[in-house]
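Protein chains in written order, with our numbering: chain A, 1 to 291; chain B, 1001 to 1164.
Glycine is no exception: its CB is placed at the ideal position from the N, C-alpha and C atoms.
In this text the structure is predicted, and so the values were computed from the model without any measurement.
All remarks here apply to the structure that follows.
So, in structure tokens, the structure goes:
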């Protein structure tokens, strides 16, 4: 016997049947694995898509529910709108009971701020808050000058349109306030317009109590400041009326110069002396104080 | 994963080699079938390229030996190849050849592998060491011991014609 004996291994061949079965098995296995891989890819894609949706949803939710502007209305109902970057009112708060009553039936949630303002003003008019001796104060606070300008313009147009349509006809002032004023007003739970009016009154009469003044309308506060008397009608007197009525910093009057460009972008000093008679008239679709 | 064409070619080229390794290790035909399929399944899933046909063949031989060993290690499949089982193999073996195969199949597994690879496949001891991931000296020792067993059982002049 020699090494050739090992050639007996050469007689061993893979049977055709075995090869066929193996090929069939491998084809099925390959197809199955492709299917599983496809399923895995599909499942992974779905998960990725879901994650993306959640992420985008989260981002959108955050963007949507982050206020970037505040609009405050003060007639005597005193109301604040929180406006998101899409111009929708995401929250509304009342500073007083009159405001709460109005908000109970006026739906402004997730409505464009212009439409919301219109609804609110209509409701106030219907409730009889717009009397000849009232003043509609609308303030806008936002950190973006472009947005501030467009919001002021839009609110002016709404007030002007409604006034022209005869829906209501009361003096109105629409202006921007700084973040600082808004913050201080918020701390005192009053609208910025009322806060500035009270501040103006305190300058005239330092003994005035902030809490006591909160119940008065902006118009009343201005009148008191103008007359130098508080509640009891006592005169606190000032030598020079104009000097004594300087308005706190951060108040931006839209009506003093009537320049819409400045109204939209600038923060101006407020001069209540310009409204001594409390009356206003409309010019070119805008409500402006009488000169 | 390899393409169907690659797998078909590999089955056609290396089916006999793989079958022989299965024969050397496994007793039952069902086990051979399972091992055969598993070896080519590993080939199907092996994504690295081979440098040459020789490399591809060596890879398949190593995988085949490992798969067969794993099957034998499995407690569910622990079976020993014996001379009697050769009769069930579907090929004709002469008596003299049967004696040799019987003697080889009775040896420990490692000796069977080195004898088959050395004498039939023609690999050198160095190449077998690479295939089996063993030291060269181990392969020399195994070969020497396997030859000694064959000499004792089958006669002194049995495997003189090839040096390691």
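Neighbours of residue 1015 (chain B) in chain A, taken as residues at a C-beta separation under 7 Å, are given in chain order as 14 and 19.
When C-beta atoms of the segment 110–124 of chain A are compared with those of the segment 74–82 of chain A, three or more pairs fall below 8 Å, so the two segments count as touching.
Taking every protein chain shown into account, the CB of residue 1148 (chain B) has fewer than 16 other CB atoms within 10 angstroms, so this residue is exposed. Not a single CB atom of chain B sits nearer than 7 Å to the CB of residue 89 (chain A). For residue 23 (chain A), at least one C-beta of chain B is nearer than 7 Å to its own C-beta.
Per DSSP, the continuous alpha helix (DSSP H) segment holding residue 113 (chain A) begins and ends at 113–126. By the Cβ neighbour-count rule, residue 1144 (chain B) is exposed, with fewer than 16 other Cβ atoms within 10 Å of its own. Using a Cβ distance threshold of 7 Å, residue 154 (chain A) and residue 193 (chain A) do not count as a contacting pair. Judged by DSSP in its simplified three-state form, residue 1111 (chain B) adopts helix.
In this structure, the alpha-carbon of residue 1113 (chain B) lies about 20 Å from that of residue 1013 (chain B).
Under the Cβ distance rule, residue 49 (chain A) does not count among the residues neighbouring chain B, no pair being separated by less than 7 Å. By the neighbour-count criterion, in which 16 or more other beta carbons inside 10 Å mark a residue as buried, residue 1005 (chain B) falls on the exposed side. Sequence-distant Cβ neighbours of residue 1011 (chain B) in its own chain, meaning closer than 7 Å and more than five residues away, are 1040. Setting aside the 5 residues that flank it on each side, residue 91 (chain A) is surrounded in the same chain by 82, each with a C-beta closer than 6 Å to its C-beta; the list follows chain order. Counting every other CB atom within 10 Å of its CB across the protein chains shown gives residue 62 (chain A) a total below 16, marking it as exposed.
In the structure shown, residue 93 (chain A) falls within a strand segment according to DSSP collapsed to helix, strand and coil. Taking a C-beta cut-off of 7 Å against chain B, none of the residues of the segment 35–67 of chain A qualify. The C-alpha of residue 24 (chain A) is placed about 10 Å away from the C-alpha of residue 18 (chain A). Between residue 103 (chain A) and residue 123 (chain A), the alpha-carbon positions lie close to 9 Å from each other. Residue 177 (chain A) and residue 74 (chain A) do not touch by the CB rule: their CB atoms are close to 12 Å apart, not below 8 Å. Contact annotation for residue 33 (chain A) against chain B: 1001, 1044 and 1045 [CB-CB distance below 9 Å, chain order].
Within chain B, the residues placing a beta-carbon under 8 Å from that of residue 29 (chain A) are 1041 and 1044, ordered along the chain. Counting only the Cα atoms, residue 45 (chain A) lies some 45 Å from residue 149 (chain A). Nearest C-alpha to residue 180 (chain A) among A:33, A:196 and A:128: A:196. Going by C-alpha positions, residue 1105 (chain B) is about 12 Å away from residue 1022 (chain B). Exposed is the label assigned to residue 132 (chain A), since fewer than 16 other Cβ atoms lie within 10 Å of its Cβ. Two segments are said to touch when three or more pairs of C-beta atoms, one from each, lie closer than 8 Å; by this definition the segment 1024–1036 of chain B touches the segment 1063–1073 of chain B. The C-beta of residue 1112 (chain B) comes no closer than 7 Å to any C-beta of chain A. If only uninterrupted beta strand (DSSP E) runs of at least 3 residues are considered, those enclosed by the segment 148–227 of chain A are 172–176. In the DSSP assignment, residue 1128 (chain B) falls outside any beta strand (DSSP E) and lies within the alpha helix (DSSP H) extending over 1125–1132.
Counting along the chain, the unbroken alpha helix (DSSP H) around residue 64 (chain A) starts and ends at 16–64. At least one C-beta of chain A is nearer than 7 Å to the C-beta of residue 1019 (chain B). Close to chain A, meaning a Cβ-Cβ distance shorter than 7 Å, is no residue of the segment 1135–1151 of chain B at all. Between residue 1050 (chain B) and chain A, the shortest Cβ-Cβ separation is not below 7 Å.
Residue pairing by DSSP leaves residue 1037 (chain B) without any beta bridge partner. About 27 Å separates the CB atoms of residue 1107 (chain B) and residue 1054 (chain B); that is not less than 8 Å, and the two are not in contact.
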